[in-house]
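2 protein chains.
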Amino acid sequence: MTNPTAAMLVIGDEILSGRTRDANMHYLAGQLAEAGITLAEVRIVADERDVIVNSVRALSDAYDTVFTSGGIGPTHDDITADCMAAAFHQRIDVRDDARAILQAHYDKAGTDLNEARLRMARIPENAALIENPVSAAPGFIIENVHVMAGVPSVFKAMVASVLPTLTGGAPLISKTFTVHRGEGDIAGPLGALAQAYPGLSMGSYPFQRDGKYGANIVVRGQDAALLDEAMAKLGEAFA
Amino acid sequence: MTNPTAAMLVIGDEILSGRTRDANMHYLAGQLAEAGITLAEVRIVADERDVIVNSVRALSDAYDTVFTSGGIGPTHDDITADCMAAAFHQRIDVRDDARAILQAHYDKAGTDLNEARLRMARIPENAALIENPVSAAPGFIIENVHVMAGVPSVFKAMVASVLPTLTGGAPLISKTFTVHRGEGDIAGPLGALAQAYPGLSMGSYPFQRDGKYGANIVVRGQDAALLDEAMAKLGEAFA
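Listed in order, the protein sequences are those of chains F and R. Its first residue numbered 1, the first sequence is counted upward by one per residue in the numbering used here. Its first residue numbered 1, the second sequence is counted upward by one per residue in the numbering used here.
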């Protein structure tokens, strides 16, 4: 793969406790595939400072771009901004530009910009803000890390603000060939085909339906012509 | 938290590419919460040897128990068993006990135990097998790592085989208090309450519904009486 790589850090007790089923990761994965950026790793961690700091450092070192979701609201469990400042050795305080955005938003709504809300203007000193068209409180970019909200509607809006600024590769094309035979029957010829097309990735995802075994063979790659060729070979092999 | 900790390693290109939305992680999270085991971290990685080996080592060191899902089928992209053997410095080959299980299963079905299917009997030398009542091919336990299938029906069956063997703590009880006010309005008193109950965790999960802001305050802990007390205080604070 020559496409740029990305990782995601989900900061969310609510997913680890089984209360909520992830939505942001699945959304981001689809968006990145279209943009030609390879999502290579995702980590989901609890609202704990050391784990967040160490995880974001590791992912930032290992991949071209990192996205985080969660923990940038006004409540006591929102510690992401402070963790990012610690991870990248930057000072953090209420920043005038972020405060102005919040002030304008709450003035319009006739709501008080109290101490809790002002926490959302705490931004590491060298970070660039990410626009939040839904509820104003900005995300931010620190080094190669894009720090975004956990609320799905806000997360989506921030992804839309950020994605056009990233350099992607050719979009990842994905085609699926369904075989109504057990994986054990197709594994041999499939392995040979996978070796014959090193420029494509071929994954086999077995299923059981009405008591019968089958597998979805998913072929992924950037070269549409090569993909068509491989799909034709799959058709011949498993007709 | 005094409960034992767990982590999960999901081996799955299909989730990272956005093709499939995770189901196993969500299922395991719920089961562990009931069993009184704290799911502390999840990592989702691609079918790449080095990343799998390094991730499972890191998680095995950091947490009491690790669960993996995916990559133990018969096709070329199923490399989990070999990665586990490498991570824990064990030899791996087709094992007689696993082969016997597969032989019996395929004999009954009148299916050939070919070379590809035999790959599923490759088990690290010191691992204990995990029963697979759905499709026979076993998972295994190596050190503190439980290696299980990615197909959701098989994953669930293996979790059922494994969970009773693990020592959990008191089940995690979780209660939700919904406030129809913005997080910025409740953050102050909520932070004070969270400090007053260090034995409980209080998370705030904001939402927007019909254009109005609100938050679900989720209180989690093992002590039911303490939880009831905290819920009553929340009622007083946000009546």
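The beta-carbon is built from N, C-alpha and C at its ideal position, and this holds for glycine as well.
Specify the secondary structure class of residue i as computed by DSSP and reduced to three states.
i, result
"residue 88/R", "coil"
"residue 95/F", "coil"
"residue 147/R", "strand"
"residue 43/F", "strand"
"residue 171/F", "coil"
"residue 221/F", "strand"
"residue 110/R", "coil"
"residue 209/F", "strand"
"residue 69/F", "strand"
"residue 100/R", "helix"
"residue 1/F", "Note that residue 1/F scores 47 on pLDDT, short of 50, meaning its location in the model is unreliable and no value can be drawn from it."
"residue 17/F", "coil"
"residue 236/F", "helix"
"residue 56/F", "helix"
"residue 194/R", "helix"
"residue 11/F", "strand"
"residue 80/R", "helix"
"residue 199/R", "coil"
List the residues of chain R whose Cβ lies closer than 8 Å to the Cβ of residue i, in chain order.
i, result
"residue 208/F", "134, 135, 151, 153"
"residue 194/F", "76, 77"
Which residues in chain R have a C-beta closer than 7 Å to the C-beta of residue i? List them in chain order.
i, result
"residue 244/F", "Beyond the ends of chain F as shown, which are 1 and 239, falls residue 244/F; an answer cannot be given."
"residue 75/F", "183, 187, 190, 191, 204"
"residue 33/F", "17, 18"
"residue 162/F", "Within chain R, no residue comes near residue 162/F; the closest Cβ sits about 17 Å away, beyond 7 Å."
List, in chain order, every chain R residue whose beta-carbon is nearer than 9 Å to that of residue i.
i, result
"residue 169/F", "The premise fails here: residue 169/F is roughly 14 Å from chain R at the closest Cβ pair, so nothing lies under 9 Å."
"residue 218/F", "13, 14, 17, 19"
"residue 114/F", "184, 185, 187, 188"
"residue 159/F", "None at all; the shortest Cβ gap to chain R is about 12 Å."
Name the chain F residues that come within less than 9 Å of residue i, Cβ to Cβ?
i, result
"residue 246/R", "No statement about residue 246/R is possible, as the shown extent of chain R runs from 1 to 239 and does not include it."
"residue 95/R", "Near residue 95/R there are no residues of chain F at all, since even the closest Cβ is about 17 Å away, more than 9 Å."
Please list the partners that residue i has in chain F, where partner means a Cβ-to-Cβ separation under 7 Å.
i, result
"residue 174/R", "17, 19"
Determine the chain A residues that contact residue i at a beta-carbon separation under 9 Å, and present them in chain order.
i, result
"residue 117/F", "Checking the listed chains, one finds no chain A in this structure; the protein chains it contains are F and R."
Determine the chain F residues that contact residue i at a beta-carbon separation under 8 Å, and present them in chain order.
i, result
"residue 30/R", "18"
"residue 147/R", "Ordered by position in chain F, no residue passes the 8 Å Cβ test against residue 147/R, which lies about 17 Å from the chain."
(request) Select from the region 36-48 of chain R all residues with a C-beta closer than 9 Å to any C-beta belonging to chain F, and list them in chain order. (result) 38, 39, 40, 41, 42, 43, 44, 45, 46, 47, 48
(request) For the region 135-149 of chain F and the region 63-73 of chain F, state whether three or more C-beta atom pairs, one from each stretch, are separated by less than 8 Å. (result) yes
(request) Taking 8 Å as the threshold, find out whether the region 79-99 of chain F comes into contact with the region 155-164 of chain R through three or more Cβ pairs. (result) no
(request) Within the region 115-169 of chain R, note down every full alpha helix (DSSP H) run reaching 4 residues or more, in order along the chain. (result) 115-118, 152-162
(request) Report yes or no: do the region 44-55 of chain F and the region 12-25 of chain F share at least 3 C-beta pairs separated by less than 8 Å? (result) yes
(message) To be precise: take each residue of the region 57-74 of chain R, compare its Cβ to all Cβ atoms of chain F, and keep it if any distance is under 8 Å. Which residues remain?
(response) 73, 74
(message) For the structure I just gave you, are there three or more beta carbon pairs, one from the region 191-204 of chain R and one from the region 117-134 of chain F, closer than 8 Å?
(response) no
(request) Take every Cβ of the region 30-39 of chain R, pair it with every Cβ of the region 167-186 of chain R, and state whether three or more of those distances are shorter than 8 Å. (result) Touching, per the Cβ criterion.
(request) Could you tell me whether the region 173-187 of chain R touches the region 205-219 of chain R, using the rule of 3 or more Cβ pairs below 8 Å? (result) yes
(message) Does the contact criterion of 3 or more C-beta pairs under 8 Å hold for the region 93-105 of chain F versus the region 114-125 of chain F?
(response) Contact between the region 93-105 of chain F and the region 114-125 of chain F is present, because at least three Cβ pairs lie under 8 Å.
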